[in-house]
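Worksheet for the structure shown next.
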Amino acid sequence: MDHKISEDFIEEVRRQADIVEIISEHVVLKRTGKNYQGLCPFHSEKTPSFNVNPDRQMFYCFGCHTGGNIFSFLMKKEGLAFIEALKKVAGKYGMELPERELSSEERKNEAQRSRWREIHEWAACYYHDVLLHRPEGQDGLAYFEHRGIGPEVIQDFRLGFAPDRWDGLIRELADKGVAPEELAEFGLAVRRETSEQEISYYDRFRNRVIYTILDVKGAPIAFGGRVLDDSTPKYLNSPETKFFHKGRNLYGIHLASRGIREAGYSLLLEGYMDTIAAQRAGFTNAVASLGTALTKDQSRLLKKYSGKIVIGYDSDKAGIQAALRAGEILLDEGLNIQVLLFEDAKDPDEFLKKHTVAEFRKKLENTITFIEFKYKMLIRDTPLRTIPDKAELIRKLAPDILKVSSVVEKEGYERYLSLELGLTLEAVQHEIDSLTKKTRENRGNFKNFSQQQDISVKKRNTIEGTDIDSSQESYVHLGVFRAEQTILRIILENPNYKNQVADNLDKEFWRLQEHRYIFENFPENSLNLINNDSWYEKVQRRLAEIYELSIDFDKADMLLKDCIALIKETKKKETIEDLQAKMILLEKTGDMTGAFALLQEIGERLKRGEK
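Going by this note's numbering, the letters in the sequence shown line up with residues 3 to 613, in that order.
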């Protein structure tokens, strides 16, 4: 978000805009009293649970608990940055963003980024043109035709071909004023220095079919190339640059962003061709990681569109190991993970060649959970011969089971293990609980606990009816969470209560950062200077959730006192273990001052012999 655009202008755009009109471009809305209802565009549903409140200019879904204002709606629905959403709304109502003077560093970065995008667009056009219209691309076209890919898919994915020349791209873009040095800086050419200290450049991609990597808006940001023979490396990808990071993007996301929301889950595959084959077969929620193991950034990107992921990696040993690693990363993000198994095919592309689309869909209806998948892989590699083998297997699966926030789901996995292993449910639960206790005992020395503690063990109070999207929220006591929300709802209705809360509770009492931010900035600075789009969406979503609370404002004084008393009492009862977990969460979110204050408090408690 651009700090230089005044809050007054942002607020004026929000006031002028009609949220019902904007959202109606994406959702069929029907009036119900003062509000409007429709089918949620962010998850699959048959009964409308998506509400738009024109008075507050906010939306909220009671099904998936997504909410926010007109800007956060467009950010989530169309994958826009805040400034882009602001421009779109302002333009629709005849308002222009005020110009401002960029700093020299900002101008330099903006110019470089613009140049990077321009050059990648030209490169994509060149490779695409070679494939479709030049004699040099015939081998590439034959390859794609052999793989069952026709002109429409070639267009949708902007596929291309790099000719068998050392300077094909260099010469092509020289006519557009692009120097070889620029191509090397952006990863499209390679710099070579000879023994005579002469410098030359050559194309990175040569004699390869080209998979253009597009961002969520369909703009080229990198390339992947595959050879047509047995030469190595089989695949060659754009290198990491200051503008492109493999671990922050997904192949096929430009088409899948909408498909994921419509299907209600992401279909996470391993390769370019798997994604293309799945999308071509109608599974428009298919994406792939970019030639690397799944990263936390990629899992968070997927989480933005849906809370459920189906992993459909290759069935070979490498694919299984990759699926196990990906599942653990996705579990860390609190996602619902299923695994798609292929018994008679190496990958989704091969399966779709051998079988019908209906059979693939049936496969998707019979996925297994990640923990079941991991169990099957572990016993396949190491058959269970003895009772200690069974105990060791439970210990290997316990960390994953402990990451599950749902008590019902957790017990389901424990029952699954008891049936599979021929053990009582109590024995399995005891083994898992003993692992938890050992983890706690290992935290005895408070100087080292930040390296030892597994926060996932603390997911004890999930919030019913609320979409968990942070480890911090899953730690919060349910009563405290509701008390914080009630306090904020009362203050939003009557800001005069803010001083009463500030006088009775210290600044550090807020357990959720979003709640603290809302308390400090709303309603006075309702759009204050938030410099992070993701954070802006979180705050707006939480705000919409708070506004939906049903409060008897005639009893506001009594409610406020009760909420303050509950928070104070809960704080008194916090154990050292609670404080340790909270401190680590503060460290992760960058609040080092708060973390240090808790460290001092823990030290004092330990001196007094408290636990």
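Every residue gets a Cβ at the ideal spot worked out from N, C-alpha and C, and that includes glycine. The model shown is predicted, which means the values in this text are computed figures rather than measured ones.
According to the neighbour-count rule (16 or more other Cβ atoms, all chains shown, within 10 Å of its Cβ), is residue 157 buried or exposed? Exposed, since its Cβ has fewer than 16 Cβ neighbours within 10 Å.
Which residue wins for smallest C-alpha separation from residue 312, given the options 299, 292, 327 and 288? Distance from the Cα of residue 312 is smallest, within the candidate group 299, 292, 327 and 288, for 288.
Run through DSSP, which three-state label would residue 340 get? Looking at residue 340 - three-state DSSP - the assignment turns out to be strand.
Closest to residue 339 by CA distance: which of 493, 536, 407 and 40 is it? Distance from the Cα of residue 339 is smallest, within the candidate group 493, 536, 407 and 40, for 407.
Within a Cβ cutoff of 7 Å, which residues of the same chain sit near residue 426, ignoring the five residues on either side of it in sequence? So the qualifying residues of the chain are 420.
Quick one, are the C-beta atoms of residue 74 and residue 63 less than 7 Å apart? For residue 74 and residue 63, no; Cβs fall outside 7 Å.
Tell me, please, which residues DSSP counts as bridged to residue 32. In the DSSP output, where bridge partners are listed per residue, residue 32 has 39.
Write down the C-beta distance between residue 164 and residue 210 rounded to the nearest angstrom, noting that I regard them as a contact closer than 8 Å. About 5 Å; that satisfies the 8 Å criterion.
Local conformation of residue 127 per DSSP, three classes: In the structure shown, the three-state DSSP call for residue 127 is helix.
Coarse secondary structure for residue 226, derived from DSSP in three states: Strand, per DSSP.
Run the CB neighbour count on residue 70, radius 10 Å, all protein chains shown included, and call it buried at 16 or more, exposed below. Residue 70 is buried by the Cβ-count criterion.
Straight-line CA distance for residue 243 to residue 189? When rounded, the distance between both Cα atoms is 7 Å.
Which residues in the same chain have their Cβ closer than 8 Å to the Cβ of residue 252, if we skip the five residues on either side of it in sequence? For residue 252, where only same-chain residues beyond five positions count, the Cβ hits under 8 Å are 258, 289, 290, 291, 292, 300, 303 and 304.
Out of 381, 375 and 354, point me to the one whose CA is closest to residue 415's CA. Ranked by Cα distance from residue 415, the first of 381, 375 and 354 is 375.
Distance, residue 306 Cα to residue 87 Cα: Residue 87 and residue 306 have their alpha carbons spaced roughly 17 Å apart.
Tell me the residue span of the beta strand (DSSP E) that contains residue 55. 52 to 55 is the span of the beta strand (DSSP E), which, as asked, contains residue 55.
Straight-line CA distance for residue 13 to residue 96? For the pair residue 13 and residue 96, the Cα-to-Cα distance works out to about 15 Å.
Looking at residue 191: is its Cβ nearer than 7 Å to the Cβ of residue 177? Result no, Cβ atoms of residue 191 and residue 177 do not sit closer than 7 Å.
Buried or exposed by the 16-neighbour rule on C-beta atoms within 10 Å, applied to residue 199: With fewer than 16 other CB atoms across the displayed protein chains lying within 10 angstroms of its CB, residue 199 is exposed.
In its own chain, which residues sit with a C-beta less than 7 Å from the C-beta of residue 208, not counting the 5 before and 5 after it? Closer than 7 Å at the Cβ level, and outside the excluded window around residue 208, lie 164, 166, 167 and 168.
With residue 61 as the anchor, note down where its beta strand (DSSP E) starts and where it stops. Annotation: the continuous beta strand (DSSP E) that includes residue 61 extends over 60 to 63.
Pull the bridge partners of residue 269 from the DSSP assignment, please. 288 and 312, per the DSSP bridge assignment.
Distance cut-off 6 Å: residue 84 Cβ against heavy atoms of the ligand ATP: Although the ligand ATP was asked about, the structure shown includes no ligands whatsoever.
Cα-Cα separation between residue 17 and residue 216, rounded to whole angstroms: Cα to Cα, the separation comes out at about 35 Å.
Identify the continuous alpha helix (DSSP H) that holds residue 75 and give its terminal residues. Following the DSSP letters along the chain, one finds residue 75 inside the alpha helix (DSSP H) bounded by residues 72 to 80.
Is any beta-carbon of chain D found at less than 7 Å from that of residue 569? No chain D appears in this structure, which consists of one protein chain only.
Buried or exposed, going by whether 16 or more other CB atoms sit within 10 Å of the CB of residue 196? It counts as exposed.
When the distance is taken between beta carbons, is residue 566 closer than 7 Å to residue 506? Cβ distance < 7 Å, so residue 506 and residue 566 count as in contact.
Classify residue 69 as helix, strand or coil using the three-state DSSP reduction. Annotated three-state conformation of residue 69 is strand, per DSSP.
Can you give me the C-alpha to C-alpha distance between residue 150 and residue 141, rounded to a whole angstrom? Distance between the alpha carbons of residue 150 and residue 141: 14 Å.
Is the number of C-beta pairs between the stretch 329 to 336 and the stretch 352 to 362 that are closer than 8 Å three or more? Contact check between the stretch 329 to 336 and the stretch 352 to 362: fewer than three CB pairs, one atom from each, fall below 8 Å, which does not count as touching.
Grouping DSSP H, G and I as helix and E and B as strand, with all else coil, what is residue 277? For residue 277, the three-state secondary structure derived from DSSP is helix.
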